[in-house]
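J.: Position 262 of the sequence shown, counted from 1, bears residue number 422 in the numbering used here, the numbering being contiguous throughout.
No residue lacks a Cβ here, since even glycine has one placed at the ideal position from N, Cα and C.
Every value quoted in this text rests on a predicted model; they were computed, and no experiment measured them.
Mind looking over this structure? Questions follow.
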Amino acid sequence: MKTIGILTSGGDAPGMNAALRAVVRMGIFNGIRVMGIKQGFEGLIEGYIDDMTLPSVADIIHRGGTILKTARSEAFMTEEGLNKALNVLDVFNIDGLVVLGGDGSFKGAKSLSNAGIPTIGIPCTIDNDLAYTDYTIGFFTAVETVVEAISKIRDTSSSHGRANIIEVMGRHCGDIALYAGLAGGAESIIVPEMDYNIDKICEKAMVGRNRGKLHNLIILAEGVGDPFEIAKTIEAKTGIETRVTVLGYLQRGGTPTTIDRIYASLMGKRAVELLMDNKSNRVLGIKCNKIIDLDIEEALNMEKAFDVDMYKTADILSL
Ligand code: F6P
């Protein structure tokens, strides 16, 4: 392994820079040339590639976003795009690749692996929607942002005696809503994995109000329903004024939490070790606080389990 390429792809996630730093520094420490590919697979096709040096990753461990920039590339998903990418890798003599991203990015990594390029994936997405790993890099930072927002909204919810719906990201995964809802003490959590009953939510709001609870916080995972429609329904059924906050891209930015930086650093180091051991087609993850690696295909075929027990616990503790 003489030259490693690295790219960040899909939605950015806090901690991507920390992982990049780890790959670059671990590579250079071991006498490997590391090349940064800009704008994900799109930049790979176009050949937007530069040498990474020790100073090029200085001062980034604490920065959100990705200094390599990112993109969602449709062109790369075509046979023509893949062939272009393979040509570019050949031109730059890149003989191993590290891909930082979520499941879409891992599909791209798999295509390159199948075409003979040793490729390692590092799970970076705020959604925590990959089944094979307990956590993805960026998830805890996003949850922290949401919990902070919940605490602030709780203040105003209490002052006005209102209900507040807070919509969070997650694509098809309810983990951000679940973890932030539990940590923020939300009264109700609506996620795609569980059926919800609007009457139960209304009942909880009214029972809470009747015993002196001033706030009512409802965390809604994106895509499950229109928050403004849900707010109207709650208002109509309970008479409690209900407001909506859509947190949106706020959740994708910000300085990564300690745990995201640690996982990112450990996985970045391990990615280089795997390539040095001639391993290919692997993705890294975290299981019971240990870094693991497994076959990309196997990882992508696993089905994510939702933590129903945690969901029920959050409901009981917010009575
Ligand atoms: O995958 C991360 C994520 O932020 C999801 O939570 C969200 O559904 C999606 O990306 C938004 O994507 P885009 O950046 O393309 O708007």
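1. Between R228 and L272, is the Cβ-Cβ spacing less than 8 Å?
2. For P215, count neighbouring C-beta atoms within 10 Å of its own C-beta (all shown protein chains included) and say buried if the count is 16 or more, exposed if not.
3. Taking three-plus beta-carbon pairs below 8 Å as touching, is the region 169-180 in contact with the region 221-235?
4. Sorted by chain position, which residues of the same chain lie with C-beta nearer than 7 Å to A431's C-beta, five sequence neighbours on each side aside?
5. Taking just the CA atoms, how far does S440 sit from A338?
6. By a C-beta neighbour count over all protein chains shown, 10 Å radius and 16 as the cutoff for buried, is D289 buried or exposed?
7. Secondary structure at L407, three-state DSSP: helix, strand or coil?
8. Within 7 Å: the Cβ of T285 and any heavy atom of the ligand F6P?
9. Since I192 and T163 are thought to touch, with beta carbons under 8 Å apart, how far apart are those beta carbons, to the nearest angstrom?
10. Under a three-way DSSP split, which group does I313 fall into?
11. Any chance the CB of M237 is under 7 Å from a heavy atom of the ligand F6P?
12. Measure from the alpha carbon of D255 to the alpha carbon of each residue in D263, G262, Y471 and G276, then state which is nearest.
13. In three-state DSSP terms, what is A323?
14. List the endpoints of the continuous beta strand (DSSP E) containing I282.
15. Which of the three DSSP states, helix, strand or coil, is assigned to L434?
16. With respect to 7 Å, is the separation between the Cβ of M330 and the closest non-hydrogen atom of the ligand F6P below this value?
17. Assess contact between the region 296-310 and the region 458-468, defined as three or more Cβ pairs (one per stretch) separated by less than 8 Å. Is contact present?
18. Does the beta carbon of E382 fall short of 7 Å from some heavy atom of the ligand F6P?
19. Could you tell me whether the Cβ atoms of R421 and I188 are closer together than 8 Å?
20. Give every residue of the same chain whose Cβ lies closer than 6 Å to the Cβ of D287, excluding the five residues on either side of it in the sequence, and list them in chain order.
21. Which whole runs of the alpha helix (DSSP H) in the region 198-261 are 4 residues long or more, in chain order?
22. Enumerate in chain order the residues of its own chain whose CB-to-CB distance from V404 is below 6 Å, with the five nearest sequence positions on each side excluded.
T.: Per the coordinate set shown:
1. The sequence as given places Leu at residue 228; Arg does not occur at that position. Not a contact, by the Cβ cut-off of 8 Å.
2. Of the other Cβ atoms in all chains shown, fewer than 16 fall within 10 Å of the Cβ of P215; this residue is therefore exposed.
3. yes
4. V183, V258, I280, I282 and L444, listed in sequence order.
5. It should be noted that the sequence gives Leu, not Ala, for residue 338. Looking at the two C-alpha atoms, the distance is approximately 34 Å.
6. buried
7. Looking at L407 - three-state DSSP - the assignment turns out to be coil, as it is neither helix nor strand.
8. yes
9. 7 Å
10. In the structure shown, I313 sits in a helix (DSSP, three-state: H, G or I).
11. no
12. G276
13. strand
14. T279 to P283
15. Three-state DSSP puts L434 in a helix.
16. Correcting the residue type first, residue 330 is Gly in the shown sequence and not Met. True, at least one ligand heavy atom lies under 7 Å from that Cβ.
17. no
18. yes
19. no
20. G330, R331 and C333
21. 200-206 and 239-251
22. By the criterion of a C-beta distance shorter than 6 Å, V404 is surrounded in its chain by I325, P387, F388 and A391, once the five residues flanking it on both sides are discounted.
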